[in-house]
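Novice: For the protein sequence lines, the chains are W and P, in the order given. Straight run, no breaks: the first sequence in our numbering ends on number 398. Straight run, no breaks: the second sequence in our numbering ends on number 398. Where is the CB? At the ideal position from N, CA and C, for every residue including glycine. Let me begin by handing over the structure; questions about it come next.
Number of protein chains: 2
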Amino acid sequence: MRVTFRRPDPRDPGRPVYVISVAASIVSVHPRTLRIYEDAGLVCPARTPTNIRLYSENDIRRVMWIRHLTQNLGVNLAGVRILFELEERLGTRILERLYDEATDAADAAAVRTADAPPEPSASSA
Amino acid sequence: MRVTFRRPDPRDPGRPVYVISVAASIVSVHPRTLRIYEDAGLVCPARTPTNIRLYSENDIRRVMWIRHLTQNLGVNLAGVRILFELEERLGTRILERLYDEATDAADAAAVRTADAPPEPSASSA
DNA sequence: AGAAACCTGACAATGTCGTTGTCAAGTATC
DNA sequence: GATACTTGACAACGACATTGTCAGGTTTCT
């Protein structure tokens, strides 16, 4: 455990930066949807001292996973929550395994909208 | 791989024994529902040479998991399929981990019907 | 100060899904 | 021959996902 000081790194993916309208436009959903995800316990954006939601890069990626799971794989929010909890519990990035299935399921389920699924980990690229 | 000969063991949990009406009554669902599960690729009961479905103990247990996931945890069939595929892919019994969450989620979601969830593995008991 | 964007909570519309149920025409089993 | 199975279709009912809006209130920016 070396990370004790939190230097304000502008590139820290955990740093809360996007207000809800910006976050919503990034992931192409209604702000309403983001609030629903939060109510369902699927995302936990930080808040300013004055209660304004601030989404980090990690939050954005998480939402992208939710969209991928729901839109491409047809999983409902309860299933998404299970998968997230499972991943946290196992300490494994099982979602990346799902990414492989995505192509199979997408091909089979006739979902050819050609929108790019969230890249599992594209930080240093 | 020692199991090559398949001796007709009456207690083999993989042995197809239950016709669909019996299987449906065991898990308390409509036969229609079992066929839907099969169409969704969630269960694969054996067939007699004359095309009659025969469910094994394992099939029954699998259906019970589906019921548990859908009724108690609110996961839809797409989510169930993902979980099954994931379990097979990881080679881990992640469903048992979900069983722990079941109590949490059931408490939170006010599901106190007191129906016994499927026992994860109760072969030699 | 005033406009714009945020907050929560509620309500509605639309489309999809899960489940049960039934009907028909055909085959298998007792 | 009666009963139970097969597939395929259709319907109904409730629940969910998503988008959208409106209200009344607070924060932020100019």
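Do P/ALA296 and P/LEU307 come within 9 Å of each other at the CB atom, strictly closer than that value?
Specialist: In the second sequence, the residue the question calls residue 307 of chain P occupies position 34. In the second sequence, the residue the question calls residue 296 of chain P occupies position 23. It is a contact, given that the beta carbons lie within the stated cut-off.
Novice: Name the chain W residues that come within less than 9 Å of P/ILE367, Cβ to Cβ?
Specialist: Here the question's residue 367 of chain P lines up with position 94 in the second sequence. By Cβ distance, chain W contributes LEU359, ARG362, LEU363, ILE367.
Novice: Could you tell me which of W/GLU369, W/PRO322, W/ILE325, W/VAL292 sits nearest to W/HIS341, measuring between CA atoms?
Specialist: In the first sequence, the residue the question calls residue 341 of chain W occupies position 68. Comparing Cα positions, the closest option is W/GLU369.
Novice: W/ALA383 CB to nearest chain P CB: under 9 Å?
Specialist: By one-based count along the first sequence, residue 383 of chain W stands at place 110. Because W/ALA383 sits at a pLDDT of 37, beneath the cut-off of 50, its placement in the model cannot be relied upon, and the point is left open.
Novice: Opposite W/LEU327 in the DSSP bridges: which residues?
Specialist: By one-based count along the first sequence, residue 327 of chain W stands at place 54. Bridge partners of W/LEU327: W/ALA319.
Novice: Starting from P/ASP312 and walking both ways along the alpha helix (DSSP H), at which residues does that stretch end?
Specialist: The residue you call residue 312 of chain P lines up with position 39 of the second sequence. That run of the alpha helix (DSSP H) goes 304–312.
Novice: Nearest to W/ILE299 by alpha carbon, out of W/ASP332, W/THR365, W/GLY347, W/VAL348?
Specialist: Position 26 of the first sequence, counting from 1, holds the residue named residue 299 of chain W. The residue with the shortest Cα to Cα distance from W/ILE299 is W/ASP332.
Novice: Within the present structure, is the beta-carbon of W/GLU369 separated from the nearest heavy atom of the ligand SAM by less than 8 Å?
Specialist: What this structure holds is no ligand at all, so the ligand SAM is not there to describe.
Novice: Is the Cβ of W/ASN331 closer than 9 Å to any Cβ of chain P?
Specialist: Start at 1 with the first residue of the first sequence, and residue 331 of chain W comes out as number 58. Not one chain P Cβ lies under 9 Å of W/ASN331.
Novice: Taking the alpha carbon of P/ARG326 as the reference point, which residue from P/VAL353, P/ARG288, P/LEU371 has its own alpha carbon closest?
Specialist: Your numbering for residue 326 of chain P matches position 53 in the second sequence. Answer by Cα proximity: P/ARG288.
Novice: With 7 Å as the C-beta to C-beta threshold (strictly closer), list the residues of the region 336–350 of chain W near chain P in chain order.
Specialist: Of all residues in the region 336–350 of chain W, LEU346, GLY347, VAL348, ASN349 have a Cβ within less than 7 Å of some Cβ in chain P.
Novice: Quick one, which of P/ARG334, P/GLU330, P/GLY314 has its alpha-carbon nearest P/ARG354's?
Specialist: As a first step, residue 354 of chain P is located in the second sequence; it is residue number 81 there, counting from the start. Cα-wise, what sits closest to P/ARG354 is P/GLY314.
Novice: According to the neighbour-count rule (16 or more other Cβ atoms, all chains shown, within 10 Å of its Cβ), is W/ARG284 buried or exposed?
Specialist: Your numbering for residue 284 of chain W matches position 11 in the first sequence. Exposed.
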